[in-house]
Amino acid sequence: MKHAKVGFLMTDEVVSVLGWTPFRDVARLLVEHDISGVPVVDEDDRVIGVVSQTDLLARSDLAARELMSAPAITVHAEQTVTEAARLMTRRGVERLPVVDEEDRLVGIVTRRDLLRVFLRPDHEIHQCLVEDVLGETMGLGADAVDVHVVDGVVTLDGRLAKRSQIPVVLRLAWQLDGVVAVTARLTARFDDSRPTPPDGSTKSVSC
């Protein structure tokens, strides 16, 4: 399965400032480019902090280095959109500078950029679930699980061979780009979470 990477969503023409950039120049850049914050870089383009509108409102007589929030919270282009979204939520930030292996600035991604993923069409999610998750990854037949997707909400209804397959299917469905919720009515022909009874009998279980 393929997950959207930060590199595909980021803006690679980044407005940035140096540590010694004066307050007025930083403020001017925010207004001119209609942005709410800028990465602060050193002479080698390594990200050392971020200056936001909130930082600017605090003082009006300082340079970027004294205004910025540091250390900078960054991501790499190869990280997934899900990882970036969780990082933004956990750290309470609106944007993440994107850096390379040497922490040099290569782009920036915002909450608005990440929201594009959740506008993924339902038919694409359905196709990925049926072909990639259930077919290729799980090796299940086309009729094993009935899949419905409406506004990013996935409903799974079916009967699998083993109980241990159920949490795997649910986890993989949740990880798909564009999925906002998963509802499952899945059963299993064999409960492999417990030792097989002496007589070899099995019973159906539901999740």
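When the letters of the sequence shown are read in order and numbered with my numbering, they come out as residues 1 to 207. Using N, Cα and C, we set each Cβ at its ideal position, and we do this for glycine too. Computed from a predicted model, the values in this text were never measured in an experiment.
Expressed to the nearest angstrom, what Euclidean distance is found between the alpha-carbon atoms of residue i and residue j?
i      : j      : result
Gln175 : Gln79  : 14 Å
Phe118 : Glu124 : 12 Å
Asp44  : Arg104 : 7 Å
Phe142 : Arg159 : Looking at the sequence provided, one finds Ala at residue 142 rather than Phe. Cα-Cα distance, rounded: 12 Å.
Ser206 : Asp151 : A caution first: Ser206 carries a pLDDT of 30, below 50, which makes its placement in the model too unreliable to give a value.
Arg65  : Val106 : 20 Å
Ala77  : Asp157 : 36 Å
Met1   : Arg90  : Any answer about Met1 is weak, because its pLDDT of 47 lies below 50 and its placement is not dependable; what the coordinates show is given next. Going from the Cα of Met1 to the Cα of Arg90 covers about 26 Å.
Ser69  : Ala58  : 12 Å
Thr11  : Arg24  : 24 Å
Leu56  : Val81  : 29 Å
Ser16  : Leu115 : 23 Å
Leu87  : Leu30  : 24 Å
Pro22  : Glu32  : 16 Å
Thr54  : Gly178 : 31 Å
Gly92  : Pro167 : 30 Å
Lys5   : Leu172 : 17 Å
Val182 : His126 : 12 Å
Ser193 : Thr155 : 24 Å
Gln165 : Leu62  : 58 Å
Ala184 : Arg111 : 29 Å
Provide the residue(s) that pair with residue i in DSSP beta bridges, ordered along the chain.
i      : result
Ile108 : Thr11 and Pro97
Arg211 : A question about residue 211 goes unanswered here, because the residues of the chain that appear run from 1 up to 207.
Asp4   : Looking at the sequence shown, residue 4 is not Asp but Ala. For Ala4, which the question treats as bridged, DSSP gives no partner whatsoever.
Ser69  : Val50
Leu18  : Val41
Residue i and residue j look like a contact to me (Cβ under 8 Å); what is the Cβ gap, rounded to whole Å?
i      : j      : result
Ile108 : Arg120 : With 8 Å as the limit, Ile108 and Arg120 do not qualify as a contact, their Cβ atoms being about 22 Å apart.
Val130 : Val153 : Going by Cβ atoms, the distance from Val130 to Val153 rounds to 16 Å, so no, they are not a contact pair.
Asp100 : Leu9   : Rounded, the Cβ-Cβ distance is 16 Å, inconsistent with contact.
Val41  : Ile48  : 7 Å
Asp191 : Val149 : Actually they are not in contact, since the Cβ atoms of Asp191 and Val149 sit about 28 Å apart, beyond 8 Å.
Val50  : Ala72  : 5 Å
Met138 : Val98  : That belief does not hold up - the Cβ atoms of Met138 and Val98 are roughly 33 Å apart, past 8 Å.
Asp189 : Ala161 : Asp is not the amino acid found at residue 189; the sequence shown has Arg there. So it is a contact: roughly 6 Å between Cβ atoms.
If we define contact as Cβ-Cβ less than 7 Å, is residue i a contact residue for chain D?
i     : result
Ile35 : Of the protein chains in the structure, only one exists, and it is not chain D.
Between which two residues does the alpha helix (DSSP H) holding residue i run?
i      : result
Leu62  : Segment: none, Leu62 is in no alpha helix (DSSP H) and carries neither H nor E.
Arg90  : Val81 to Arg91
Thr74  : First-last for Thr74: undefined, no H or E at that position.
Asp191 : Taken as a continuous stretch (DSSP letters only), Asp191 belongs to no alpha helix (DSSP H), as it is neither H nor E.
Leu56  : Gln53 to Ala58
First and last residue of the beta strand (DSSP E) that includes residue i?
i     : result
Val41 : Gly37 to Val41
Val31 : Note, Val31: premise wrong, no beta strand (DSSP E); alpha helix (DSSP H) at Phe23 to His33.
Can you check the region 121 to 186 for any beta strand (DSSP E) of at least 3 residues that lies completely inside it and give the ranges in chain order? 145 to 150 and 153 to 162
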